[in-house]
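To start, the structure under review is shown below, and the notes come after it.
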Amino acid sequence: MDWKEIFISNTDWESVFNIVFRTFFMFVIILLVLRFSGKRGVRQLSVYELAFILGLGSAAGDPMFQLDIPLIQSVLVFAVVLIFYKIITYLMSLNKKVEHILEGSPVYIIKDGKLLINQHEHQSLSQDEFFAELRIQKVRHLGQVEYALLEINGEVSILFYPEKEVRYGLPIYPHEYKRAENLQENQYYSCMQCGETVQLTADMPQCTSCGHKEWAVSLNIPVTP
Ligand SMILES: [Zn+2]
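76 is the number of the first residue of the sequence shown in my numbering; add one for each residue after it.
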């Protein structure tokens, strides 16, 4: 292995200064374009916003060290992508349909403490990811949740039941989300697949909603503030 060739090759002091200047220049351009796009920081991006960022990606980074790329070409790419972004954003503000096509629409994933499985299947969010998102938002079991909505930027919005209306529901913490072994009568159990919650009357039931056969002991603890 020729380590000098890998790490240094034909880099001389002139190209070092060249790279420092190019990086500084592109950094300023990136900042200006992002500020001018009107975005306020990026926690999570919609698909359309992600396309905008990806479009800028290599136009931003490559000219920093590829010394044969004139900076004007990169600035041109930035200008064109920004203009497209602005035009499309404007079209979306005029027409809801365009917005739904480009950004998707929010989807309900919980209603009355139950997972809406059929709709959920179409989403790219796995049950693990979804439970993690709920736990971060202080959900301990689904009986606390009246509605949960998957937003277009991938975040989950939750409408909680008021304290007095909290019902029995499926626990979502790993130490509680586990298969109940000895089912007892009159105890509440939740389907581990869809969250359907029943008070046990006869023997081992099958979930009437989804046909699943694994049950976890339900909780009805209110949301801790
Ligand atoms: Zn079920």
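All residues carry an ideal CB built from backbone N, CA and C; glycine is no exception.
List the whole-angstrom C-beta distance separating ALA255 from ALA277, where the pair is believed to meet the contact cut-off of C-beta under 8 Å. Approximately 15 Å separates the beta-carbon atoms of ALA255 and ALA277; this is outside 8 Å, ruling out the contact.
For the beta strand (DSSP E) holding ASN264, just list the boundary residues, first then last. Correcting the residue identity first, residue 264 is Tyr in this sequence and not Asn. Segment 263-266, the beta strand (DSSP E) holding TYR264.
Just to confirm, are ASN93 and LEU151 a CB contact at a threshold of 8 Å? Cβ distance not < 8 Å, so ASN93 and LEU151 don't count as in contact.
Which term fits VAL301, buried or exposed, when burial requires 16 or more other beta carbons within 10 angstroms of its beta carbon? The structure shown does not extend to residue 301, since the chain spans only 76 to 300, so no value can be given for it.
Hey, ALA223 and ILE185 are a contact pair by Cβ (cut 8 Å); roughly how many whole angstroms apart? Their Cβ separation, rounded to whole angstroms, is 4 Å, which keeps ALA223 and ILE185 in contact under 8 Å.
Is any heavy atom of ligand 1 found at a distance shorter than 7 Å from the C-beta of GLU271? Because some heavy atom of ligand 1 lies under 7 Å away, the Cβ of GLU271 counts as near it: yes.
TYR54 and LEU294 closer than 8 Å at C-beta: One cannot answer for residue 54 here, as it falls past the ends of the chain, which runs 76 to 300.
Between GLN262 and GLN274, what straight-line distance do the alpha-carbon atoms span, to the nearest angstrom? Taking the straight line joining both Cα atoms gives about 6 Å.
Could you pull out every unbroken beta strand (DSSP E) segment of at least 3 residues lying fully inside the stretch 177-227, listed in chain order? Within the stretch 177-227, the runs of beta strand (DSSP E) at least 3 residues long that lie entirely inside it are, in chain order, 182-186, 220-225.
Where VAL155 and PRO297 are concerned, what is the direct C-alpha to C-alpha distance, given to the nearest angstrom? Taking the straight line joining both Cα atoms gives about 52 Å.
Using a 10 Å radius around the Cβ and a threshold of 16 neighbouring Cβ atoms, would you call TYR165 buried or exposed? Its Cβ having fewer than 16 others within 10 Å, TYR165 is exposed.
DSSP state of GLY116, grouped into three classes? Three-state DSSP puts GLY116 in coil, outside helix and strand.
LEU177 and ILE158 look like a contact to me (Cβ under 8 Å); what is the Cβ gap, rounded to whole Å? At roughly 16 Å, the Cβ-Cβ gap does not stay under 8 Å, so LEU177 and ILE158 are not in contact.
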